[in-house]
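Written below as structure tokens is the structure these notes are about.
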Amino acid sequence: MTGERETLFEFRRIGRSVKVTAIDSESLTEVSFLGPANAGEAELRRIAIAKLDYVMTKNRS
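Okay, here's the thing in structure tokens:
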């Protein structure tokens, strides 16, 4: 779903965790989650996109 759209990411470290926020620039749908600080940025982005796709699909139903 987010293939052609721009997705904005914010990474904020909170102790041993990272709060990841992803926003779809077209629909302004926002999701966030906490992940381990030692996880790679690419993995956190992949999870954020998957969650954003899930929420956007659910909202269309």
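Residue numbers (my numbering): 15 to 75.
C-beta atoms are modelled at their ideal positions from N, C-alpha and C, and glycine is treated no differently.
These numbers were taken from a predicted model, which means no experiment stands behind them.
Check	Outcome
Residue closest to E18, alpha-carbon to alpha-carbon, out of K72, R27, R74 and D67	D67
Selection from D38, R26, R30 and V34 that minimises the alpha carbon distance to E20	D38
Paired residues, beta bridge with R26 - DSSP	K33
Extent of the continuous beta strand (DSSP E) run through L48	E44 to P50
E44 to T35 span [Cα, whole Å]	7 Å
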